[in-house]
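Chemist: I'd like to ask you about the structure that follows.
There are 2 protein chains.
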Amino acid sequence: MPRRVTIGDVAKIAGVHPGTVSRAMNAKTESQVNADTVVRVRMAAKQLGYLPNSIARGLRTSSTMTIGVIIPDLTNPIFPPIVRGIDSYLGPRGYSSVVVNTDSSDVAERSLFESLMQRQVDGFIVATGHSGHSLMREAYDSGVRAVMVNRDSGGVPYPAVVGDDAHGIWASVEHLAGLGHRALTHLEGPSSFSTSRVRAEAFVAACAEMNLEATVIGCAEYSVDEGQRAMDAILETQRTPPTAIVAGNDLLALGVYHSLRAHGLTCPDDVSVVGFNDMPFARDFQPAMTTVRSPYTELGAESARLLLKQIEESVSIAMRVMLPVELIIRDSTGPAR
Amino acid sequence: MPRRVTIGDVAKIAGVHPGTVSRAMNAKTESQVNADTVVRVRMAAKQLGYLPNSIARGLRTSSTMTIGVIIPDLTNPIFPPIVRGIDSYLGPRGYSSVVVNTDSSDVAERSLFESLMQRQVDGFIVATGHSGHSLMREAYDSGVRAVMVNRDSGGVPYPAVVGDDAHGIWASVEHLAGLGHRALTHLEGPSSFSTSRVRAEAFVAACAEMNLEATVIGCAEYSVDEGQRAMDAILETQRTPPTAIVAGNDLLALGVYHSLRAHGLTCPDDVSVVGFNDMPFARDFQPAMTTVRSPYTELGAESARLLLKQIEESVSIAMRVMLPVELIIRDSTGPAR
DNA sequence: CCAAAAGATGCAATCGATTGCAGCATTGTT
DNA sequence: AACAATGCTGCAATCGATTGCATCTTTTGG
């Protein structure tokens with residue numbers, strides 16, 4: 001394995017001092033070097049295939065141009081777009097991201113956090129939804145830079161970037177009311193997620209405002225199976241089942257589809273369903289799902305923007321950026337019977 | 001922002017030399033230090049909350065414990081499980097991964113590759129499907145360690161970990177033949193992907209073996225829209241359309257669903273469809289999709305294993321690991337009319 | 001009881017790039 | 001012509017951990 005080309009090799013070829021090479025190669029310090037020298041150095045660098053060693057640079061500058069991204073689970077379809085949104089902002093600015101999955105385990109989260117600290121990441125983007133642990137508080141107190149995405153900061157003064165979930169729920173309820181539905185049921189996600197509560201509260205408020213009968217059923221997790229189980233329970237318990245379901249997310253809505261089908265009911269003729277997230281393939285299910293689209297890519301990009309701002313300007317404002325969501329009306333909602 | 005705790009701080013508290021701290025903290029060198037000293041150092045480290053700076057370590061040892069993972073697009077549902085499989089092997093061994101997306105652009109791939117080289121990653125896992133560029137060749141020649149996953153190494157002597165696609169296609173064809181289908185059509189993915197060709201060739205071979213009429217239609221990309229377009233063309237062109245479709249992947253199969261529906265045909269009564277990948281939600285489409293399941297998580301884990309082996313034992317064997325796939329029979333295939 | 005071996009720790013160079021400061025050369029000013 | 005200002009480059013310390021070697025202490029064996 002051939003030894004790597006270093007700044008010293010370039011300096012030798014270009015006939016200058018390593019320090020000069022460093023200045024010539026760097027956009028910010030380039031102006032301190034004679035223009036002729038810059039081209040000479042650049043040519044030597046190209047000729048040797050020199051790539052600055054960012055480890056060495058990182059040691060000296062104590063900045064690694066790396067961001068840690070903490071998410072629950074990459075195979076949950078909302079996270080890939082968030083991650084890509086993050087990268088789309090970071091990449092052009094010379095930053096890389098290291099993505100880790102906690103599988104919603106506090107222990108794992110803490111150890112992954114430490115491992116990223118050890119790697120000297122310049123900051124964190126945190127998307128793990130559950131609150132109630134002290135990690136972020138401690139991080140804040142020890143001067144770590146971070147921003148929350150798709151979750152509330154839960155009292156810790158980090159910036160947070162979230163979708164306007166409440167508005168999405170309002171729009172769903174309004175849409176359903178317009179179709180003549182009078183009794184709505186909401187399938188609420190796990191209460192450990194701040195988004196679950198926001199959505200449930202908005203649901204109750206919206207129904208109250210529009211004079212609709214509101215029922216809320218809690219689900220233990222955001223999954224297809226749990227949605228199916230919840231809907232099964234509703235169908236097998238209630239004498240007059242609701243004519244419309246507002247699901248906490250698309251996975252739960254999908255579970256509702258399955259339950260309906262298993263009970264010989266059709267959507268939207270018997271029951272209208274609206275999901276939340278507009279996850280990939282939401283339009284490909286049968287019926288194509290009416291759902292609220294959150295701008296996940298933008299959420300990611302925006303969180304990256306806030307983080308870099310925090311890093312480069314050394315100020316952290318506990319701002320809360322709320323991005324608009326959009327109700328996508330497809331075929332799973334129709335007039336009430 | 002409080003200054004970070006360094007090895008020197010620990011040394012001072014423990015009353016020893018920094019070098020001793022280094023040895024005491026490291027599992028491999030711990031035996032060189034007196035047991036009492038080790039506990040004293042460890043206690044001092046814990047007390048100060050010392051985390052070794054892996055940048056500094058990396059500079060000295062020229063190993064960053066970081067792996068670069070190059071994929072086309074994280075939002076393509078087959079990649080999250082691969083990435084998680086990789087991490088599941090890497091994480092417990094102290095490695096992290098940096099995932100980058102090329103969006104199938106050669107230019108992007110090259111620049112991302114260089115940026116990862118600059119970050120001194122210890123090796124690469126490459127999943128970008130298209131061959132025909134020289135990047136991996138050059139990488140090999142300059143001693144870079146890598147393994148290919150879900151694609152062939154295309155002549156470059158890197159190890160490759162792939163699913164047994166040919167077998168999956170054989171199983172599909174066999175299944176369809178068993179249901180009485182005599183004329184099969186294969187929707188082939190873009191020919192720049194090695195997997196496309198493997199699958200198409202297996203399809204032709206299997207049909208020949210079983211005395212079935214085989215047609216192959218090329219698709220410009222692996223997408224729902226392209227699958228729909230291809231099936232539309234078939235339905236609107238051929239006098240007697242095929243009774244069964246073997247799609248190059250699930251996305252194409254989903255497009256076939258849409259086309260069928262648009263033409264008033266039902267699956268599987270009019271046309272049977274089998275997909276490839278068993279992507280998330282394949283069972284949730286209507287009808288639930290018969291498809292070939294590739295062990296993506298295992299593919300990822302196995303590629304990580306081979307890479308670490310290559311790194312730690314400094315040997316690269318151009319082996320080709322082929323993991324078994326499984327035909328998952330659901331509701332999109334039925335007896336021929 | 002002394003020499004040799006083994007054990008434990010300190011010392012200092014090293015990894016590769018960055019950067020404040022010093023020094024030299026050139027240009028400009030009066 | 002003398003001096004200041006400016007521009008350019010070299011020098012060397014620095015970031016934090018690792019590690020071969022030297023040194024010192026303790027144990028072992030004859």
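Top line first, the protein sequences correspond to chains A and B. The first sequence begins at 1 in the numbering used here and counts up by one. The second sequence begins at 1 in the numbering used here and counts up by one. We put the CB at the ideal spot given by N, CA and C, even for glycine.
1) Runs of 3 residues minimum, wholly inside the segment 96 to 157 of chain B: which ones carry the beta strand (DSSP E) assignment?
2) Should Pro157/A be labelled buried (16 or more other beta-carbon atoms within 10 Å of its own) or exposed?
3) Alpha carbon to alpha carbon, what distance is there between Trp170/B and Arg283/A?
4) For the structure I just gave you, are there three or more beta carbon pairs, one from the segment 320 to 330 of chain A and one from the segment 284 to 295 of chain A, closer than 8 Å?
5) For chain B, is any of its Cβ atoms less than 8 Å away from the one on Leu74/A?
6) Per the DSSP calculation, Glu188/B is bridged to which residue(s)?
7) Reducing DSSP to helix, strand and coil, say where Ser196/A ends up.
8) Which residues share a DSSP beta bridge with Gly275/B?
9) Just by C-beta distance, which residues in the segment 212 to 245 of chain B are closer than 7 Å to chain A?
10) Quick check on Val161/A: does DSSP put it in helix, strand or coil?
11) Would you list the one or two residues that DSSP bridges to Met322/B?
12) Give a yes or no on whether 8 Å exceeds the smallest Cβ distance from Ala27/B to chain A.
13) Taking only beta-carbon atoms, is Leu59/B less than 8 Å away from chain A?
14) Give the interface partners of Asn101/A over in chain B, defined as CB-CB distance under 8 Å, in chain order.
15) Is Pro335/A close to chain B? Criterion is C-beta to C-beta, closer than 8 Å.
16) Sort out for me which residues DSSP pairs Met246/B with in a bridge.
17) Give me the subset of the segment 277 to 294 of chain B whose CB atoms are less than 8 Å from a CB atom of chain A, sorted by chain position.
18) Go ahead and label His17/B buried or exposed: buried means 16 or more other beta carbons lie within 10 angstroms of its beta carbon, across all protein chains shown.
19) Any C-beta of chain B within less than 7 Å: which residues of the segment 29 to 45 of chain A qualify?
20) List, in order along the chain, the chain B residues whose C-beta lies closer than 8 Å to that of Pro92/A?
21) Hey, out of Ser332/B, Ser294/B and Val198/B, whose CA is closest to Leu176/B's CA?
22) Report buried or exposed for Gln228/A, applying the criterion of at least 16 other Cβ atoms within 10 angstroms of its Cβ.
23) Going by C-alpha distance, which of Gly163/A, Leu90/A, His186/A and Glu226/A is nearest Thr195/A?
24) What's the call for Thr185/A, buried or exposed, on a 16-neighbour Cβ count within 10 Å?
25) Quick one: Cα of Asn277/A to Cα of Val21/A, how far?
26) Hey, would you say Gly129/B sits closer than 8 Å to Ala146/B, going by beta carbons?
27) What is the C-beta distance between Thr64/A and Ile55/B, in whole angstroms, given that I count them as a contact (C-beta under 8 Å)?
28) Strictly below 9 Å CB to CB, what residues from chain B border Val98/A?
29) Mind pulling the chain A residues with CB within less than 8 Å of Arg23/B?
30) List the residues of chain A that Asn249/B touches, going by C-beta distances under 9 Å, in chain order.
31) Do Met231/B and Val173/B come within 8 Å of each other at the CB atom, strictly closer than that value?
32) Can the beta-carbon of Gln120/A be found closer than 8 Å to that of Gly58/A?
33) Suppose you measure from the CA of Glu226/A to the CA of Val256/A; what does that come to, to the nearest Å?
34) Please name the residue or residues paired with Glu213/B in a DSSP beta bridge.
35) How many whole angstroms separate the CB atoms of Pro80/A and Pro80/B, which I take to be in contact at a CB cut-off of 8 Å?
36) How many angstroms separate the CA atom of Ile82/B from the CA atom of Thr297/B?
Modeler: Reading from the atomic positions:
1) 96 to 101, 123 to 126 and 146 to 149
2) exposed
3) 31 Å
4) yes
5) yes
6) Gly218/B
7) helix
8) Thr291/B
9) Val224
10) strand
11) Val162/B
12) no
13) yes
14) Arg84 and Asp87
15) no
16) It should be pointed out that residue 246/B corresponds to Val in this sequence rather than to Met. Answer is His186/B and Val274/B, bridged to Val246/B.
17) Pro280, Phe281, Asp284, Phe285 and Gln286
18) exposed
19) none
20) Under the 8 Å cutoff, chain B gives no residues; its nearest Cβ is about 11 Å from Pro92/A.
21) Ser332/B
22) buried
23) Gly163/A
24) buried
25) 50 Å
26) no
27) 6 Å
28) Thr66, Ser96, Ser97, Val98 and Val99
29) Those within 8 Å of Arg23/B in chain A number zero; the least Cβ separation is about 18 Å.
30) Within 9 Å Cβ-Cβ: nothing; Asn249/B doesn't reach chain A, min ~13 Å.
31) no
32) yes
33) 9 Å
34) Ala183/B
35) 6 Å
36) 5 Å
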